[in-house]
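In the order they appear, the protein sequences are chains B and Z.
If you count by the numbering used here, then the first sequence holds residues 27 to 190, one letter each, in order.
If you count by the numbering used here, then the second sequence holds residues 27 to 190, one letter each, in order.
Where a beta carbon is used, it is the ideal one built from N, C-alpha and C, also for glycine.
Report on one structure; see the data block that follows.
Number of protein chains: 2
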Amino acid sequence: MLRLSKLADYATVVLVRLGVRGDLATAASLAQETGVPEPTVAKLLKGLAAGGLVVSYRGARGGYRLAEALKDISVARVITVVDGPICVTACCDGKECAHGETCGLSGQWDMVNGAVRQALETITLADMANPDLKFDPSSATSAEATMHRPEKQGGCHAGCVGNP
Amino acid sequence: MLRLSKLADYATVVLVRLGVRGDLATAASLAQETGVPEPTVAKLLKGLAAGGLVVSYRGARGGYRLAEALKDISVARVITVVDGPICVTACCDGKECAHGETCGLSGQWDMVNGAVRQALETITLADMANPDLKFDPSSATSAEATMHRPEKQGGCHAGCVGNP
DNA sequence: TTAATTTAAGACCCTACTGGTCCCCATTCA
DNA sequence: TGAATGGGGACCAGTAGGGTCTTAAATTAA
């Protein structure tokens with residue numbers, strides 16, 4: 027599925043929200059506005075602060091603020107901060123595993139990782155916040171028969187928050 | 027983590043193996059050569075056959091053969107067949123969820139999905155099989171502080187098969 | 001100085017998915 | 001006819017993602 031973790035998804039939503047507001051916001055208010063559960067938002071913002079994407083202010087009247095403008099934060103960076111390096115497999119960035127020679131693809135996955143990474147670096151949070159920018163579906167691959175389990179519909183989990 | 031499923035990883039390994047051999051191969055022999063457990067290879071090949079990537083021959087002296095040349099199969103296609111459409115979130119290809127307006131990013135993820143998809147379409151299995159093609163790490167993003175759990179080292183799961 | 005507000009840090013649990021196995025049936029060839 | 005091989009399921013278990021809770025620390029306002 028090449029699925030993003032929910033946390034990374036939520037992080038994008040929260041960061042964009044923080045960006046369009048511009049001012050200081052508490053975890054509680056962000057949770058309310060985005061629909062993400064409050065404890066989750068708190069946990070998320072802690073990590074984002076550690077990663078340098080937001081700045082935290084403790085104490086009464088405290089909260090969080092974006093460390094940089096939306097246009098200066100790429101989606102790749104958000105994912106990296108929340109989920110760690112963008113690697114589609116565990117064999118990542120030349121870090122060969124003990125069985126590298128067995129699979130015959132040792133090191134080759136870095137090509138894939140690099141391509142994905144570069145693609146995600148070209149998209150900024152400002153792009154995500156801009157409703158005029160939509161993906162052109164004409165360049166999308168046509169649907170093919172797949173062997174994956176039938177998608178549990180209605181379970182729109184991430185990006186669209188606020189659902190159970 | 028934006029991690030590929032192990033199955034998709036295995037599929038790539040098996041397909042490349044099938045490609046460099048060229049001739050008909052049984053699930054058992056492929057399992058032995060790649061180190062992937064045999065029942066898993068069998069399950070995998072069933073799906074790949076349904077997806078049109080391999081052709082199956084039943085009965086004694088049966089087996090599997092690549093449906094197309096390695097250079098004509100993109101990594102994106104393998105992933106699509108094994109794991110389903112390449113969508114980093116559940117909001118995919120205009121399929122908005124019930125809470126689309128809540129998160130404020132309804133539809134915007136398609137931009138990300140499209141970018142990733144296009145990146146993966148440029149890489150073929152022939153590229154994966156070619157050890158001369160290595161990713162240039164100079165274009166990789168520098169490591170940043172991350173909030174993700176400490177990577178359990180030694181757990182090289184996929185791409186490098188044959189480990190517990 | 002004290003109380004209220006808010007983040008920081010960590011422990012903990014539960015659900016769901018992934019991945020792996022097994023079984024029986026259908027098909028083909030010797 | 002029997003052996004070999006794929007086809008199509010069902011089924012189970014380990015894991016980790018993600019959500020919650022609790023306590024501590026910092027800052028501000030009254």
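Proximal chain Z residues relative to Thr52 (chain B), where beta-carbon distance stays under 9 Å:
Taking the first residue of the first sequence as 1, we reach residue 52 (chain B) at position 26. Chain Z residues near Thr52 (chain B): none, gap ~18 Å exceeds 9 Å.
Can you give me the Cβ contacts of Ala37 (chain Z) inside the same chain, cut-off strictly under 7 Å, excluding the 5 residues immediately before and after it?
Sequence index remark: in the second sequence, residue 37 (chain Z) carries index 11 (1-based). Only Leu70, Leu74, Val104, Val108 meet the Cβ criterion.
Per the contact definition of three or more C-beta pairs closer than 8 Å, is the segment 141-151 of chain B in contact with the segment 137-147 of chain Z?
Contact holds: three or more Cβ-Cβ distances are below 8 Å.
Note down the Cα distance separating Glu177 (chain B) from Asp153 (chain B), rounded to an integer number of angstroms.
Your numbering for residue 177 (chain B) matches position 151 in the first sequence. Your numbering for residue 153 (chain B) matches position 127 in the first sequence. Confidence in Glu177 (chain B) is poor, its pLDDT being 46 and thus under 50, which makes the residue's placement too unreliable to answer from.
Where Thr52 (chain B) sits in the DSSP three-state scheme:
Position 26 of the first sequence holds residue 52 (chain B). In the three-state reduction of the DSSP assignment, Thr52 (chain B) falls in the coil class.
If we count the other Cβ atoms within 10 Å of its Cβ and call it buried at 16 or more, is Pro65 (chain Z) buried or exposed?
To locate residue 65 (chain Z), count along the second sequence from 1; it is residue 39. So Pro65 (chain Z) counts as exposed.
Buried or exposed, going by whether 16 or more other CB atoms sit within 10 Å of the CB of Gln58 (chain Z)?
Here the question's residue 58 (chain Z) lines up with position 32 in the second sequence. Burial check for Gln58 (chain Z): the Cβ neighbour count within 10 Å stays below 16, so the residue is exposed.
Can we say the segment 131-140 of chain Z touches the segment 80-89 of chain Z, given the rule of at least three CB pairs closer than 8 Å?
Contact fails between the segment 131-140 of chain Z and the segment 80-89 of chain Z, because fewer than three Cβ pairs, one in each stretch, are under 8 Å apart.
Can the beta-carbon of Val81 (chain B) be found closer than 8 Å to that of Ala93 (chain B)?
As a position in the first sequence, residue 81 (chain B) is number 55, starting the count at 1. As a position in the first sequence, residue 93 (chain B) is number 67, starting the count at 1. Cβ distance < 8 Å, so Val81 (chain B) and Ala93 (chain B) count as in contact.
Would you say Asp153 (chain B) lies against chain Z (beta-carbon separation less than 8 Å)?
As a working mapping, residue 153 (chain B) is identified with position 127 in the first sequence. Yes, Asp153 (chain B) counts as interfacial toward chain Z.
Once DSSP output is grouped into helix, strand and coil, what is the label at Arg29 (chain Z)?
Within the second sequence, residue 29 (chain Z) is the residue found at index 3, counting from 1. Here Arg29 (chain Z) sits in strand by DSSP.
Interface residues of chain B around Ser31 (chain Z) at Cβ under 7 Å?
The count along the second sequence starts at 1 and reaches residue 31 (chain Z) at position 5. Per Cβ cutoff of 7 Å: Met27.
CB contact check: Leu146 (chain Z) to chain B, cutoff 8 Å:
Walking along the second sequence from the start, residue 146 (chain Z) turns up at place 120. For Leu146 (chain Z), a Cβ of chain B is located within less than 8 Å of the residue's own Cβ.
Comparing C-alpha positions only, which one of Z:Arg47, Z:Lys32, Z:Thr106 sits nearest to Gly78 (chain Z)?
As a working mapping, residue 78 (chain Z) is identified with position 52 in the second sequence. Considering only alpha carbons, the answer is Z:Thr106.
Compare the C-beta of Thr66 (chain B) against all C-beta atoms of chain Z and say whether one is closer than 8 Å.
Within the first sequence, numbered from 1, the residue matching residue 66 (chain B) stands at position 40. No, its Cβ sits nowhere closer than 8 Å to a Cβ of chain Z.
Comparing C-alpha positions only, which one of B:Asp98, B:Val67, B:Gly140, B:Leu131 sits nearest to Pro111 (chain B)?
Numbered from its first residue, the first sequence carries residue 111 (chain B) at position 85. Looking at the Cα atoms, B:Gly140 is the closest of the given residues.
Helix, strand or coil: which one does DSSP assign to Gly85 (chain B)?
Your numbering for residue 85 (chain B) matches position 59 in the first sequence. Looking at Gly85 (chain B) - three-state DSSP - the assignment turns out to be coil, as it is neither helix nor strand.
Using a Cβ-Cβ cut-off of 6 Å (strictly less than) and excluding sequence neighbours within five positions of Ala53 (chain Z), which residues of its own chain qualify?
Numbered from its first residue, the second sequence carries residue 53 (chain Z) at position 27. Within the same chain, Ala53 (chain Z) has close Cβ partners Val67, Ala68, Leu71.
Who does Leu92 (chain Z) pair with in a DSSP beta bridge?
Your numbering for residue 92 (chain Z) matches position 66 in the second sequence. According to DSSP, Leu92 (chain Z) bridges with Z:Val80.
Anticipated Cβ contact below 8 Å, Leu131 (chain Z) with Val39 (chain B), distance rounded:
Stepping through the second sequence from its first residue, residue 131 (chain Z) is reached at position 105. Stepping through the first sequence from its first residue, residue 39 (chain B) is reached at position 13. Between Leu131 (chain Z) and Val39 (chain B) a beta carbon distance of about 6 Å is seen, short of the 8 Å cut, so the two are scored as contacting.
Cβ of Leu41 (chain B) within 8 Å of any chain Z Cβ:
Locating residue 41 (chain B) in the first sequence gives position 15, where the first residue counts as 1. It does not: the Cβ of Leu41 (chain B) has no partner Cβ on chain Z nearer than 8 Å.
Measure the Cβ-Cβ separation of Ala155 (chain Z) and Gly85 (chain Z) and say whether it is below 8 Å.
The sequence position of residue 155 (chain Z) within the second sequence is 129, counting from 1. The sequence position of residue 85 (chain Z) within the second sequence is 59, counting from 1. Not closer than 8 Å, so no.
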